[in-house]
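**Student:**
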Amino acid sequence: MQNLPSLNQKLKEYLEDNNSKITLIKSEKYTLFSKGDLKQGIIRARNAFLNAGVKQGDIVIFQINSSAKKAFLSNFFALVSLGAVPAFLTASRNRDQVHRLKNVAQSNPKSFIVADDETLQFIKFLWEDIDEKRLIITHEENQDDFKTAESDIAYADVKPSDNVLILYSSGSTSDPKGVVMQNESFLKMIKSLEIALSLSEKDKWLIWLPLEHVFGILAGVVLPMYSKSNVVHMDAGDFIQNPKSWLDAIHQTRANKSAAPNFAYPMILKALDGSENWDLSCIDFILNGGEPLSRKVVEVFEKTTEKFKLKKKAIAPVYGLTEALGGVCLNIKACYPEIDLNQLKSGIDFDLTTIKRGDMDLISQGFAIPGMEIGIFDSENHRLEELTIGEIHIKSEALFSGYLNLDSSGLFVDGWFDTGDLGFLYMDMLYVVGRKKDMFFIHGKNVYLRDIEQVVEKKFSYRVAACGENNSQTGENAVYLFIETANTDEIPIQKIKNFVFSEMGFSLKEVIPIKQFIRTALGKIAKQKTLEAYKNGKI
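Positions in the sequence shown are counted from 1; adding 916 to them yields this note's numbering.
(1) Indicate the three-state DSSP secondary structure (helix, strand or coil) for tyrosine 1181 in the structure shown.
(2) Cβ of leucine 1322 within 8 Å of Cβ of cysteine 1383?
(3) Give me, in chain order, the residues of the same chain whose beta-carbon lies closer than 6 Å to that of leucine 1051; leave out the 5 immediate sequence neighbours on both sides.
(4) Which of the three DSSP states, helix, strand or coil, is assigned to alanine 1135?
(5) Taking a contact to mean a Cβ-Cβ separation below 8 Å, would you say isoleucine 1308 touches isoleucine 1290 in this structure?
(6) What are the start and end residues of the alpha helix (DSSP H) that includes arginine 1366?
(7) When the Cα atoms are used, what is the spatial distance from tryptophan 1121 to asparagine 1172?
(8) For leucine 1260, which of helix, strand or coil comes out of DSSP?
(9) With distances taken Cα to Cα, identify the nearest neighbour of isoleucine 1404 among Phe1433, Tyr1071, Asn1393 and Gly1421.
(10) Cα-Cα, which of Val1349, Ile1053 and Leu1163 is closest to valine 976?
(11) I'd like the span of the beta strand (DSSP E) that includes methionine 1345, first residue to last.
(12) From the DSSP output, which residues share a beta bridge with valine 1096?
(13) Examine the ligand SAH and report whether any of its heavy atoms sits within less than 7 Å of the Cβ of glutamine 1168.
(14) Kindly indicate which three-state DSSP category threonine 1436 falls into: helix, strand or coil?
(15) Measuring alpha carbon to alpha carbon, tell me which residue in Glu1296, Trp1124, Thr1006 and Phe1356 is nearest valine 1148.
(16) Can you grab the Cα-Cα spacing for the pair arginine 1273 / arginine 1351, in whole Å?
(17) Identify every run of the alpha helix (DSSP H) within the region 1195-1262, keeping only runs that are complete inside it and at least 4 residues long; order them along the chain.
(18) Taking the alpha carbon of lysine 942 as the point to measure from, which residue in Ser1143, Ala1152, Glu929 and Ser1108 has its own alpha carbon closest?
(19) State the CB to CB distance for the pair valine 1348 and aspartate 1337, rounded to an integer number of angstroms; the pair is presumed to be in contact (CB under 8 Å).
(20) Below 8 Å on the Cβ atoms is my guess for alanine 1165 versus methionine 1150; work out the distance and round it to an integer in Å.
(21) Considering leucine 1341, what are the terminal residues of the beta strand (DSSP E) in which it resides?
(22) Note down, in chain order, each residue of its chain lying with its Cβ closer than 8 Å to the Cβ of serine 1067, except the 5 sequence neighbours on either side.
(23) If we count the other Cβ atoms within 10 Å of its Cβ and call it buried at 16 or more, is glycine 1087 buried or exposed?
(24) Once DSSP output is grouped into helix, strand and coil, what is the label at glutamate 1110?
(25) Pull up the distance between the alpha-carbon of phenylalanine 1041 and that of alanine 984, whole angstroms please.
(26) Please classify asparagine 1193: does DSSP put it in a helix, a strand, or coil?
(27) Go to lysine 1120, then tell me how far its alpha helix (DSSP H) extends in each direction, as first and last residue.
(28) What is the residue span of the alpha helix (DSSP H) that glycine 1153 lies within?
(29) Taking C-beta to C-beta, are valine 1363 and valine 1372 nearer than 8 Å?
(30) By DSSP, does phenylalanine 1401 sit in helix, in strand, or in coil?
(31) Please classify alanine 1072: does DSSP put it in a helix, a strand, or coil?
(32) Terminal residues of the continuous beta strand (DSSP E) containing serine 1174?
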């Protein structure tokens, strides 16, 4: 992977290639976004940035709702061509999101903010003293009031060590971490994924995930650009309102690659009414990542969609994190080797009871992508052998360079980065069993929230979320179990409490039935927000 072209070179090649098409779907209406229109959009956006004073290397906080696909793509590619650095934050549509934007902007006082009209109104209303000189509004139509204007795209000379992208990882609402990707490492990761996924110009992606998140920007924008493949962009809101519209679109467009997190599959199964007449034989794989994968959900989905000719094992688990641009390992062939659970050991303080009882949903996340090394370590950084649970560390030349404005010393130990996840290796395939931050010390023992969820889901078949609370005043920790259900009065609360106590040896603080989980824009359950809303009497 030596002598990789710059991101700008790949963008130039992509814009000059008229074979790769961009199709937009909104409310079942299909529109072709031609390369000519995209170029004009990029030029308009460049002029807006240049007139606002944006220079190469400047950070521009992205506040364009990904439902405005033309504006999103035009502005992103305009920033790439300028050598400026797009920093992705979910478009601010409420007080918490504006507060988060404000903190990010104030920690980067020389940064700019680009927003669509609707998002801009929220920002101005909720951030009254904002410096409007930093705001750049984007329109999908031409603007004629520029002091200077370009008529073509000029590409900045981007060096290997230049920053090209900032992705904010999911942290607390007010204090997210900016994951900085440099040009060379970014392109190495994209090249590795291109090889691992066997991508080519013949591919057609169909993506409904929000583009400002790593999964969306990767599969919906960067990979199609790099491999000069076709891409179909569907609005995430259309999927949420009508989950079947995703498979409708695959059937109509004959897309062969797509992606969706675990929560999407039960939504589709629930929406099926027998009127469907799809042919999904075109699909090579559907990447499944972003939240813990349920093997049971995948098996039910694949069994149900057999009649639509979806290939067996088309749902491909992927394990990644923002610091690795979402790519660490893939299980493209959905291979799940049998494991002798009696051979499983722990190299850290981890209770194996739940796993050995067969209650945990062990899913192989596959093999490391090219150029990526995965190691399992104990708490003292000793490397552990196969079938031994420990901390998952990764090493690659394609990882992030550090967190924006934070001390990055100590992030890498001998080149290894601690993911914060726990798991083990078997036959060189990775299995994830939990996260360190999901561990709580309760009643004299370590308890993992995912263990609780899987034990309850297996017994009662409810969709649940376990939320931990550390009480600094009393020194006591507690776990709340939320259950998503349409019939909140029918949940056997005491029975569930008794079951968890008998199975795991500790008491839940509360079991709370709710109509609907609070979710992130990507669809993940926002556990801490759900707990906060409950404690504040909002649910």
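Glycine included, each C-beta is placed from N, C-alpha and C at the ideal position.
**Tutor:** In this structure, then:
(1) Your numbering for residue 1181 matches position 265 in the sequence shown. DSSP places tyrosine 1181 in helix when its eight states are reduced to three.
(2) Here residue 1322 corresponds to residue number 406 of the sequence shown, with the count starting at 1. Here residue 1383 corresponds to residue number 467 of the sequence shown, with the count starting at 1. The answer is no: Cβ separation not under 8 Å.
(3) In the sequence shown, the residue the question calls residue 1051 occupies position 135. Counting only Cβ-Cβ distances below 6 Å, and skipping sequence neighbours, we find Ile1029.
(4) Indexing the sequence shown from 1 puts residue 1135 at position 219. DSSP places alanine 1135 in helix when its eight states are reduced to three.
(5) Translated into the one-based positions of the sequence shown, residue 1308 becomes position 392. Translated into the one-based positions of the sequence shown, residue 1290 becomes position 374. Taking 8 Å as the Cβ cut-off, isoleucine 1308 and isoleucine 1290 qualify as a contacting pair.
(6) By 1-based counting over the sequence shown, the position of residue 1366 is 450. Looking at the DSSP string, the run of the alpha helix (DSSP H) that includes arginine 1366 is 1365-1376.
(7) Here residue 1121 refers to the residue found at position 205 of the sequence shown. Here residue 1172 refers to the residue found at position 256 of the sequence shown. Cα to Cα, tryptophan 1121 sits roughly 6 Å from asparagine 1172.
(8) Here residue 1260 is taken as the residue at index 344 of the sequence shown, counted from 1. Three-state result, leucine 1260: coil.
(9) What you label residue 1404 is simply residue 488 of the sequence shown in a count that begins at 1. Reading off the sequence shown, one finds threonine at residue 1404, where the question assumed isoleucine. Minimum Cα distance to threonine 1404 is reached at Phe1433.
(10) The residue given as residue 976 occupies position 60 in the sequence shown. Comparing Cα-Cα distances from valine 976 to each of Val1349, Ile1053 and Leu1163, the minimum goes to Ile1053.
(11) To locate residue 1345, count along the sequence shown from 1; it is residue 429. Here the beta strand (DSSP E) through methionine 1345 covers 1345-1351.
(12) The residue given as residue 1096 occupies position 180 in the sequence shown. Partner(s): Ile1082 and Gly1318.
(13) Among the components modelled here there is no ligand, and therefore nothing to report on the ligand SAH.
(14) Position 520 of the sequence shown, counting from 1, holds the residue named residue 1436. If DSSP states are grouped into helix, strand and coil, threonine 1436 belongs with coil.
(15) For this step, residue 1148 is matched to residue 232 along the sequence shown. Of the candidates Glu1296, Trp1124, Thr1006 and Phe1356, the one whose C-alpha sits nearest the C-alpha of valine 1148 is Trp1124.
(16) Counting from 1 along the sequence shown, the entry for residue 1273 is found at position 357. Counting from 1 along the sequence shown, the entry for residue 1351 is found at position 435. Between arginine 1273 and arginine 1351, the C-alpha separation is close to 20 Å.
(17) 1211-1220
(18) The residue labelled residue 942 in the question sits at position 26 within the sequence shown. The shortest C-alpha separation from lysine 942 is found at Ala1152.
(19) Taking the first residue of the sequence shown as 1, we reach residue 1348 at position 432. Taking the first residue of the sequence shown as 1, we reach residue 1337 at position 421. That belief holds up - the Cβ atoms of valine 1348 and aspartate 1337 are roughly 5 Å apart, short of 8 Å.
(20) Translated into positions along the sequence shown, residue 1165 becomes position 249. Translated into positions along the sequence shown, residue 1150 becomes position 234. About 5 Å separates the two Cβ atoms, so the contact holds.
(21) Locating residue 1341 in the sequence shown gives position 425, where the first residue counts as 1. Note, leucine 1341: beta strand (DSSP E), 1332-1342.
(22) In the sequence shown, the residue the question calls residue 1067 occupies position 151. The answer, listed in chain order, is Ile959.
(23) For the purposes of this step, residue 1087 is identified with residue 171 of the sequence shown, where counting begins at 1. Its pLDDT being 49, under 50, glycine 1087 is placed unreliably by the model, and nothing is read from it.
(24) Position 194 of the sequence shown holds residue 1110. Three-state result, glutamate 1110: helix.
(25) Your numbering for residue 1041 matches position 125 in the sequence shown. Your numbering for residue 984 matches position 68 in the sequence shown. Spanning the two alpha carbons is a distance of roughly 21 Å.
(26) The residue given as residue 1193 occupies position 277 in the sequence shown. Three-state result, asparagine 1193: coil.
(27) Position 204 of the sequence shown, counted from the first residue, corresponds to residue 1120. Unbroken run through lysine 1120 is the beta strand (DSSP E), 1120-1123; no alpha helix (DSSP H).
(28) Here residue 1153 corresponds to residue number 237 of the sequence shown, with the count starting at 1. Taken as a continuous stretch (DSSP letters only), the alpha helix (DSSP H) holding glycine 1153 covers 1152-1157.
(29) If you number the sequence shown from 1, residue 1363 lands on position 447. If you number the sequence shown from 1, residue 1372 lands on position 456. No.
(30) On the sequence shown, position 485 is the one that residue 1401 refers to. Reading the sequence as shown, one finds threonine at residue 1401 and not phenylalanine. Coil.
(31) Here the question's residue 1072 lines up with position 156 in the sequence shown. Correct three-state label for alanine 1072: coil.
(32) Within the sequence shown, the letter at position 258 stands for residue 1174. Counting along the chain, the beta strand (DSSP E) containing serine 1174 begins and ends at 1173-1175.
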